[in-house]
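Mapping to the numbering used here: the sequence shown position 345 is 378, numbers consecutive.
We put the CB at the ideal spot given by N, CA and C, even for glycine.
Each remark here refers to the structure printed beneath this line.
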Amino acid sequence: MNANQIEIIQIILLALILISVNISFLKKVRLIGKRTIVVIIHFLSKLIPKSRNLVVFGGESGQGFRGNTKYIFLEMVKNPNLKCVWISKNNSVISELTQRGFTAYKHHSWKGITAQLRAKLVIHSHSINDDFSKSFLGGAISYSTWHGVGLKKVWGANKNTFSYKILHETSWLRRTFGKLVVKTNQAKTNYVVSTSPAVSSYYPETFLVPKENVLELGQVRNDVFFNDSEEDLTIPDWIKNEKIIMYMPTHRKFGKLETDINLVFDFQGLNGYCSQAGYKFLVKRHMYSTGQVPTIYENIIDISNESYDPQLLLKYTDMLVTDYSSCYTDYLLLDRPVLFYSYDLDVYLKKSNEMYFNYFDVTPGSKVINFPKLLEEIKLNTEEPDIYKTERDRVLNVFYSKENQVEVLQKQVKYIYNHILKM
Numbered sequence: 034m035n036a037n038q039i040e041i042i043q044i045i046l047l048a049l050i051l052i053s054v055n056i057s058f059l060k061k062v063r064l065i066g067k068r069t070i071v072v073i074i075h076f077l078s079k080l081i082p083k084s085r086n087l088v089v090f091g092g093e094s095g096q097g098f099r100g101n102t103k104y105i106f107l108e109m110v111k112n113p114n115l116k117c118v119w120i121s122k123n124n125s126v127i128s129e130l131t132q133r134g135f136t137a138y139k140h141h142s143w144k145g146i147t148a149q150l151r152a153k154l155v156i157h158s159h160s161i162n163d164d165f166s167k168s169f170l171g172g173a174i175s176y177s178t179w180h181g182v183g184l185k186k187v188w189g190a191n192k193n194t195f196s197y198k199i200l201h202e203t204s205w206l207r208r209t210f211g212k213l214v215v216k217t218n219q220a221k222t223n224y225v226v227s228t229s230p231a232v233s234s235y236y237p238e239t240f241l242v243p244k245e246n247v248l249e250l251g252q253v254r255n256d257v258f259f260n261d262s263e264e265d266l267t268i269p270d271w272i273k274n275e276k277i278i279m280y281m282p283t284h285r286k287f288g289k290l291e292t293d294i295n296l297v298f299d300f301q302g303l304n305g306y307c308s309q310a311g312y313k314f315l316v317k318r319h320m321y322s323t324g325q326v327p328t329i330y331e332n333i334i335d336i337s338n339e340s341y342d343p344q345l346l347l348k349y350t351d352m353l354v355t356d357y358s359s360c361y362t363d364y365l366l367l368d369r370p371v372l373f374y375s376y377d378l379d380v381y382l383k384k385s386n387e388m389y390f391n392y393f394d395v396t397p398g399s400k401v402i403n404f405p406k407l408l409e410e411i412k413l414n415t416e417e418p419d420i421y422k423t424e425r426d427r428v429l430n431v432f433y434s435k436e437n438q439v440e441v442l443q444k445q446v447k448y449i450y451n452h453i454l455k456m
């Protein structure tokens, strides 16, 4: 081996050493590079001509076909003057919709990319980033139905998010570039659907839209509470025919602060009560929950892995047990007992999410921090289901204005036709 070869090897080794001790730097460079490409594509997408009758739909972070956008899609696809396309990141969803005769494309497929680039309007439930390929939607109109009316601060109102940090960044250079990145999570024009004046008051900060683009049009997914349809057939008869107590919690910082469910429930004692009182206790956990629900108890059933629509489950629930989940604000429309099992409230507020409201002001039901008290309150609320009725009515009016406590699908579709698509 000659001197030149040795020198080359030494240089390569030195380079590898420098790389190994600067992994974090390289990650930052790669991230900046990736974000720069996204910003450029997002800008260029504005130059693509839009098809005035092409509407693209998505939801459930690209993983499902349910919720607000599902029902709007099923209504608007009937319009012969529109081409409605569902975009998904899930092959099973694409297959299901295709078999039903609808047009559905994978988000990164050629047809999917073309549809996103050409769409005049995109209708989604989570965010452009979650439901689509955000790079391709810079020139579209965004209509966000959102997916719940809850307590937790998100997006621009949440101090832990990229959006919040960038908007409050002191460095001019970082703030300027960061704002370009934040804008890739938005379209050319952005609307977000609200449910009441109280909710509308914090949506501009949350979703970074002007006040006039917050539309108080309700949550379409709740229409299932007020009428029966073929959708109800997806819920098994045993749920419809039993007296149901539903446990439906939210996540703790995407699973980072979860407590094993067996540490906060005495399932043996709960099963005994349910057997005596004639109830089934169903557990619909968040995807980040930890621990296994025992299968040895006849009256305690974990349905977390079932694909039942959450709103339909609420429809057939006689009593809801939750914590900080937005599901209870929808459930108030049914005027049934709600219990709040907030066994980790202090930790949750400090380490997981800030809230828009004082937790105790807008939770109309028993609030408990341990299982014995929970079981006691379950018994009380089964015997006196209207004990918190006055509070339920008050809080319902905070989250849902009177005109949005009814079916709202036709109202939303009419607004989209008249004011957004201008048909």
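Closest Cα partner of residue i within the set the options
{"i": "Gly183", "options": "Thr217, Gln132, Tyr312, Ser359", "result": "Ser359"}
{"i": "Phe240", "options": "Arg68, His75, Ser158, Phe314", "result": "Ser158"}
{"i": "Tyr392", "options": "Thr362, Ile449, Lys153, Ser229", "result": "Thr362"}
{"i": "Tyr374", "options": "Trp271, Pro282, Lys273", "result": "Pro282"}
{"i": "Tyr349", "options": "Asp368, Phe432, Tyr357, Glu249", "result": "Asp368"}
{"i": "Gly95", "options": "Ile161, Val380, Ala310", "result": "Ile161"}
{"i": "Thr147", "options": "Val89, Ser204, Asp356, Glu249", "result": "Val89"}
{"i": "Gly145", "options": "Gly97, Trp119, Phe135", "result": "Trp119"}
{"i": "Ile461", "options": "Gly311, Ser308, Lys317", "result": "This structure leaves residue 461 out entirely; the chain is present only between 34 and 456."}
{"i": "His180", "options": "Phe195, Tyr104, Leu200", "result": "Tyr104"}
{"i": "Ile336", "options": "Met352, Leu315, Cys307", "result": "Leu315"}
{"i": "Asn112", "options": "Phe135, Lys60, Asn101", "result": "Phe135"}
{"i": "Lys400", "options": "Tyr376, Glu108, Arg425, Lys212", "result": "Tyr376"}
{"i": "Leu407", "options": "Asp426, Asp379, Thr328, Leu303", "result": "Leu303"}
is_contact[residue i, chain C] using C-beta, thresh 8 Å
{"i": "Phe165", "result": "The structure shown contains no chain C; it holds only a single protein chain."}
Residue range of the alpha helix (DSSP H) that includes residue i
{"i": "Asn391", "result": "No alpha helix (DSSP H) holds Asn391; DSSP gives it neither H nor E."}
{"i": "Arg85", "result": "First-last for Arg85: 84-90, but that is the beta strand (DSSP E), not the alpha helix (DSSP H)."}
{"i": "Ala231", "result": "230-233"}
{"i": "Met279", "result": "From DSSP, Met279 is part of no alpha helix (DSSP H) but of the beta strand (DSSP E) over 276-280."}
{"i": "Ser121", "result": "No alpha helix (DSSP H) contains Ser121, which is instead part of the beta strand (DSSP E) from 116-121."}
{"i": "Leu347", "result": "343-348"}
{"i": "Asp363", "result": "360-364"}
Coil, strand or helix - residue i by DSSP
{"i": "Val71", "result": "helix"}
{"i": "Ala152", "result": "strand"}
{"i": "Lys185", "result": "strand"}
{"i": "Ser227", "result": "strand"}
{"i": "Val247", "result": "strand"}
{"i": "His157", "result": "strand"}
{"i": "Ala190", "result": "helix"}
{"i": "Phe287", "result": "At Phe287 the pLDDT is 49, less than 50, meaning the model places this residue with poor confidence; the figure from the coordinates comes in the next sentence. Phe287: helix per DSSP, three-state reduction."}
{"i": "Val441", "result": "coil"}
{"i": "Ile65", "result": "helix"}
{"i": "Thr136", "result": "strand"}
{"i": "Asp256", "result": "helix"}
{"i": "Lys447", "result": "helix"}
{"i": "Ser177", "result": "strand"}
{"i": "Lys198", "result": "helix"}
{"i": "Leu372", "result": "strand"}
{"i": "Val380", "result": "helix"}
Residue i and residue j closer than 8 Å at C-beta
{"i": "Ser177", "j": "Val215", "result": "no"}
{"i": "Ile30", "j": "Tyr138", "result": "A question about residue 30 goes unanswered here, because the residues of the chain that appear run from 34 up to 456."}
{"i": "Lys276", "j": "Lys313", "result": "yes"}
{"i": "Leu372", "j": "Gly398", "result": "yes"}
{"i": "Lys122", "j": "Leu87", "result": "no"}
{"i": "Lys412", "j": "Tyr306", "result": "yes"}
{"i": "Thr102", "j": "Tyr433", "result": "no"}
{"i": "Leu250", "j": "Val441", "result": "yes"}
{"i": "Pro370", "j": "Met352", "result": "yes"}
Residue i beta carbon near the ligand NAP (any heavy atom closer than 7 Å)
{"i": "Pro243", "result": "Inclusion of the ligand NAP in the displayed structure is not the case, the ligand content being empty and no account of it being possible."}
N- and C-terminal bounds of the beta strand (DSSP E) containing residue i
{"i": "Met352", "result": "352-355"}
{"i": "Leu315", "result": "312-316"}
{"i": "Val401", "result": "399-401"}
inquiry  = Across the stretch 251-261 and the stretch 335-348, are there enough close Cβ pairs to call them in contact, namely three or more that are closer than 8 Å?
reply    = Touching, yes, given that three or more Cβ pairs across the two stretches are closer than 8 Å.
task = Report yes or no: do the stretch 188-197 and the stretch 123-136 share at least 3 C-beta pairs separated by less than 8 Å?
result = With the rule of 3 Cβ pairs closer than 8 Å, the stretch 188-197 does not count as touching the stretch 123-136.
message = Would you call the stretch 208-222 in contact with the stretch 166-181, where contact means no fewer than 3 C-beta pairs closer than 8 Å?
response = Touching, yes, given that three or more Cβ pairs across the two stretches are closer than 8 Å.
key: the stretch 202-217 touching the stretch 65-82, judged by at least three CB pairs closer than 8 Å   = Touching, per the Cβ criterion.
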